[in-house]
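> Following this message is one structure expressed as structure tokens.
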Amino acid sequence: MFKRSIAQLRKHNRENQQSVRRLLIVLIGSVFFIEAFLMAVLALLPPMSETLAALLDAAMLSLLLFPIFYYLIFRPLVRNIAEREQVEADLRIAAVAFEIKDPTLITDARANIVRANQKLLDKLGYSMEEIVGRNPRIFKSGLHDRKYYEQLWKQLLQTGYWSGEIRIRTKEGRILHPFWLTITAVKNEQQEITHYIGIYNF
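If you want it as structure tokens, here you go:
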């Protein structure tokens with residue numbers, strides 16, 4: 001849910017930006033052509049005062065633009081708000097699940113830590129401020145050689161997934177007993193890696 005909600009929010013934002021540009025073009029074009037049509041209609045009517053002509057033009061313009069504004073602005077806006085509220089609700093649920101599940105770490109595409117849940121922080125003895133922006137290598141126990149990590153990254157980059165036994169070190173330097181770590185790559189719609197999620201099964 002966490003990965004899906006982030007992807008939905010990004011997609012939602014991109015669609016909003018594209019919709020706003022299209023809407024602006026449609027509205028400008030609509031006002032231009034409707035006003036041109038009204039000017040042509042008014043030219044065919046009997047002579048009248050400028051005030052009456054302006055009032056008639058404004059009334060007809062409002063009448064003709066109302067359905068355009070309703071269908072192109074009001075209804076999409078209501079739908080947009082409902083969709084965004086649903087995505088935000090999913091994110092709140094995901095955030096709660098993130099905190100109550102197994103110890104979890106999230107990094108960006110460059111493997112810099114962006115977030116960890118409280119279970120992992122408590123297990124390793126770090127605060128969030130101490131690890132954000134740093135590489136998970138700060139947890140290395142020194143018990144795995146270079147080849148181990150090369151194989152880990154090779155599989156992760158090729159398949160988007162790695163799972164295996166590992167040992168890490170706490171902030172105080174204590175090496176934890178062997179446990180199972182699962183790392184999953186998060187990709188956007190262009191299949192580009194945006195984050196990595198590591199779940200620690202202590």
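Taken in order, the sequence shown gives residues 1 to 202; the numbers are from the UniProt record's numbering. For every residue, glycine included, the Cβ atom is placed at its ideal position computed from N, Cα and C.
1. Going by the DSSP bridge assignment, what does A180 pair with across the sheet?
2. Compute every distance between the C-beta of M48 and the non-hydrogen atoms of the ligand ATP, then say whether any falls below 7 Å.
3. Between the C-alpha atoms of S49 and V31, what's the straight-line distance to the nearest angstrom?
4. What first and last residue would you give for the beta strand (DSSP E) that runs through D108?
5. Report back the beta-carbon spacing between V87 and I113 to the nearest angstrom; my notes put them in contact at under 8 Å.
6. Under a Cβ-count criterion, where at least 16 other Cβ atoms within 10 Å of its own Cβ denotes burial, should residue 203 be classed as buried or exposed?
7. Quick check on the burial criterion: 16 or more other C-beta atoms within 10 angstroms. Buried or exposed for A116?
8. Restricting to Cα atoms, I'd like to know which of L45, W180, L72, E35 is closest to A58.
9. First and last residue of the alpha helix (DSSP H) that includes Q146?
10. Looking at H177 and A109, is the spacing between their C-beta atoms short of 8 Å?
11. Please report the straight-line C-alpha distance between A111 and I138, rounded to a whole angstrom.
12. Ends of the beta strand (DSSP E) at I113?
13. Going by beta carbon distance, what residues of the same chain come within less than 6 Å of T184, once the five residues before and after it are set aside?
14. Output the boundary residues of the alpha helix (DSSP H) element that contains L45.
15. Going by DSSP, which residues form a beta bridge with K123?
16. Does DSSP put V132 in a helix, a strand or coil?
17. CB-CB under 8 Å to E165, same chain, minus the five flanking residues each way: which ones, in chain order?
Working from what's here:
1. Here residue 180 turns out to be Trp, not Ala, going by the sequence shown. According to DSSP, which records beta bridges pairwise, W180 is partnered with E165, N201.
2. In the structure on display, the ligand ATP does not appear, and there are no ligands present to speak of.
3. 23 Å
4. 104-108
5. Wrong, their Cβ atoms sit about 25 Å apart, outside the cutoff.
6. Past the edges of the chain, shown from 1 to 202, lies residue 203, and the structure says nothing about it.
7. buried
8. E35
9. For clarity, residue 146 is Arg in the given sequence; the question names Gln instead. Unbroken alpha helix (DSSP H) run through R146: 146-159.
10. no
11. 12 Å
12. 113-116
13. Y161, I197
14. Element bounds for L45: n/a, residue is neither H nor E.
15. Paired residue(s): none; K123 is not in a bridge.
16. coil
17. P178, F179, W180, L181
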